[in-house]
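Here the working numbering is used: the first residue of the sequence shown is 120, the next is one more, and so on.
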Amino acid sequence: RVRAAYPEKTIWCYTGYVYDTDLLPAGGRKHCEATDEMLSLIDVLVDGPYIEEQRDISLQFRGSRNQRILRLK
């Protein structure tokens, strides 16, 4: 519904999971039947848990250095 109502908007998703090891179909520990559909609906994924010891306020759209911004589309 959001994409239909606002086609010009970029849809972001923040997750504590790591894209490579948790969300990909081949061996993703947290991958389930809904994961592929969810990933197909978003444009940008910010992955990885927030780690206080890696906090960096200079990063845009992330709270800690271990988090990545991934363009999925």
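From the three backbone atoms N, C-alpha and C, an ideal C-beta is built for every residue, glycine too.
Close CB contacts of L158 within its chain, under the 8 Å cut and outside five residues either way in sequence, are with L142, L164 and L191 (chain order). Spatial neighbours of G135 in its own chain (CB-CB distance under 6 Å, excluding positions within 5 residues in sequence) are listed in chain order as P168. Listed in chain order, the non-local C-beta contacts of K149 below 7 Å within the same chain comprise Y136, D141 and L142, local neighbours out to five positions each way being set aside. Only residues of its own chain outside the window of five on either side were considered, and among them V163 have a CB closer than 6 Å to the CB of W131, listed in chain order. Per DSSP, D155 is not a residue of any beta strand (DSSP E); the alpha helix (DSSP H) it occupies stretches across T154 to L160.
For the 7 Å CB-CB criterion, L178 and Y138 do not form a contact. Rounded to whole angstroms, the gap between the alpha carbons of C151 and N185 is 24 Å.
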